[in-house]
Amino acid sequence: MSILLEKARQLLAERELCDHCLGRFFSSLGSGLRNRERGRALRVVLQMEDRSIALSQNHCALCQGIFTNVSNWAERAVTAVSNLEFQTYLMGTRVPTEIEVVEQALQQKFELRGEPFKQEFNREVGRLFGTLLAERGHPVQVDFREPQIVLVMDLEKSELALQINSLFIYGRYRKLVRTIPQTKWPCRSCRGRGCRECDFTGKTYPESVEELISPPLLRETHGSGTAFHGAGREDIDALMLGNGRPFVIEIKEPKVRTLDLELLHGEINERALGKIEVSQLQFVPSSVVERLKNLEAEKLYEARVRFSKKISPTCLHEAFAMLQKTPIQQRTPQRVSHRRADLVRTRRVLEISGELTSPTEALVRVHSEGGLYIKELISGDGGRTKPSLSELLQTPAEVIELNVLEVIGDFLSK
Ligand SMILES: [Zn+2]
Ligand SMILES: [Zn+2]
């Protein structure tokens with residue numbers, strides 16, 4: 257008798273095992289076989305030599321006969337997703353400690369390294385779940401990396417938990433007015449609860465880029481909420497022009513995932529006419545959010561600058577030349593220091609140009625590395641940004657109007 261057969265015989269002598277659990281200890285044998293078939297085959301061969309070995313076994317000291325519940329779990333899962341539109345899923349199991357303990361003890365004792373119980377149970381329920389859905393005209397696929405939904409079976413509590421993963425839509429937005437923040441700002445007085453000061457809206461600003469984009473998407477997906485992820489953000493009083501700023505809108509717990517983005521794009525832009533415009537809407541994996549957060553994109557700005565004294569064109573261009581060749585030491589600006597860590601960063605001005613539009617005003621274009629604060633590059637921020645246009649021209653200088661012309665970078669490719 258081969259060593260493996262002998263081990264199978266000893267296993268069965270030690271514990272009562274169902275075909276699934278017996279077969280699983282030998283999961284590397286016989287390609288294309290399911291554990292149940294493998295277990296059954298071993299049992300048949302052993303019975304030919306030893307009549308005392310039963311050909312079928314319903315009691316199982318390992319799984320407690322749990323595999324007889326596979327169809328029940330699969331049907332529960334089908335019911336749980338009956339109102340959901342999705343294409344990919346992942347099945348998970350919370351395994352009772354006892355099963356794991358017995359399985360590991362037997363593996364160790366007989367020096368066998370089979371597939372874990374959890375993996376087989378997930379697969380068996382998942383397989384039937386997929387078949388039942390396909391019969392209902394709803395084909396789905398297992399996805400281990402980024403499943404749209406996750407079903408977790410708690411065998412001890414007999415509870416099935418459904419987790420609906422977020423849907424991520426990428427786009428770019430242009431902002432055409434100087435009064436809209438990127439995301440909702442809770443009212444400072446009531447922190448969002450609603451008070452007299454905010455007219456019981458709970459908000460400092462009546463609308464935001466996020467709130468102009470999300471309602472049609474929420475309506476179509478029946479999601480429970482949204483989160484807005486921007487590739488940085490412009491100041492509220494700055495316009496976002498050019499081809500816009502990349503963003504990802506995350507729709508939480510969507511019940512529907514197939515959207516006509518072309519149509520929604522039109523609706524969003526119509527609703528927000530004159531305030532914002534979106535473009536390039538497309539579905540993306542969640543990893544794009546990380547990219548948006550981590551990539552410090554180069555930017556192109558246009559600033560209207562006012563000086564406290566008359567400036568000559570020569571002085572202005574000399575100052576530009578200095579800014580372009582000197583790394584800028586910038587301490588976190590005073591105006592954001594309450595929410596950002598106070599530190600000094602070095603950023604470069606890649607290109608700066610412009611001209612005087614009056615003796616005390618100039619239109620300035622700046623191409624900078626990501627992370628450089630432009631208002632402070634001009635004003636000096638009380639010496640916190642060095643050098644600055646103000647310092648070089650030896651006069652107070654202030655940005656009176658700021659537009660972001662371009663956020664440069666490839667946020668989509670891997
Ligand atoms: Zn079993
Ligand atoms: Zn309030």
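Here the numbering used here is used: position 175 in the sequence shown is 431, and no number is missing along the way. Note that the Cβ used here is the ideal one computed from N, Cα and C, for glycine as well. All values derive from a computational prediction rather than experimental measurement.
Would you kindly check if the distance between the Cβ of residue j and the Cβ of residue i is under 8 angstroms?
i, j, result
"Gly626", "Glu533", "no"
"Val622", "Leu497", "no"
"Val408", "Gly348", "yes"
"Leu267", "Phe366", "yes"
"Phe342", "Val396", "yes"
"Ile425", "Phe539", "yes"
"Ser644", "Gly636", "yes"
"Leu411", "Val358", "no"
"Val334", "Leu418", "no"
"Lys531", "Val433", "yes"
"Cys277", "Asn314", "no"
"Phe563", "Ala653", "yes"
"Asn291", "Ser284", "no"
"Leu529", "Thr477", "no"
"Phe456", "Gly448", "no"
"Leu423", "Gly486", "no"
"Arg501", "Tyr429", "yes"
"Leu261", "Arg332", "no"
"Gly665", "Leu537", "no"
"Ala618", "Glu611", "yes"
"Ala575", "Leu648", "yes"
"Val605", "Ser624", "yes"
What are the residues that DSSP puts in a beta bridge with residue i?
i, result
"Gln419", "Val406"
"Ser609", "Arg621"
"Pro442", "Lys459"
"Asn550", "Asn550 pairs with nothing; no bridge assigned."
"Phe424", "Glu506"
"Ala653", "Phe563"
"Arg601", "Gln586"
"Ser646", "In DSSP, Ser646 forms no bridge with anything."
"Glu662", "Leu556"
"Tyr345", "Val398, Ile405"
"Val540", "Note: Val540 sits in no beta bridge, so no partner."
"Glu533", "Arg430"
"Leu495", "Asn659"
"Arg332", "In the DSSP output, where bridge partners are listed per residue, Arg332 has none listed."
Applying the 10 Å Cβ sphere with the 16-neighbour rule, what's the burial state of residue i?
i, result
"Gln586", "buried"
"Pro442", "exposed"
"Val381", "buried"
"Gly279", "buried"
"Thr353", "exposed"
"Val630", "As written in the sequence, residue 630 is Ile, which differs from the Val given in the question. Buried: at least 16 other Cβ atoms inside 10 Å."
"Phe281", "buried"
"Ile656", "exposed"
"Arg369", "exposed"
"Leu628", "buried"
My assumption, with CB atoms under 8 angstroms, is that residue i sits in contact with residue j. Please give the rounded CB distance.
i, j, result
"Ser464", "Ile436", "6 angstroms"
"Pro510", "Ile420", "7 angstroms"
"Glu466", "Gln438", "7 angstroms"
"Pro403", "Tyr345", "5 angstroms"
"Gly351", "Phe323", "With the sequence shown as reference, residue 351 is identified as Val, and Gly is not the correct amino acid for it. About 13 angstroms separates the two Cβ atoms, so there is no contact after all."
Inset, instruction - List in chain order the residues whose CB is within less than 6 angstroms of at least one heavy atom of ligand 2. - result: Cys443, Ser445, Cys446, Gly450, Cys451, Glu453, Cys454, Gly458
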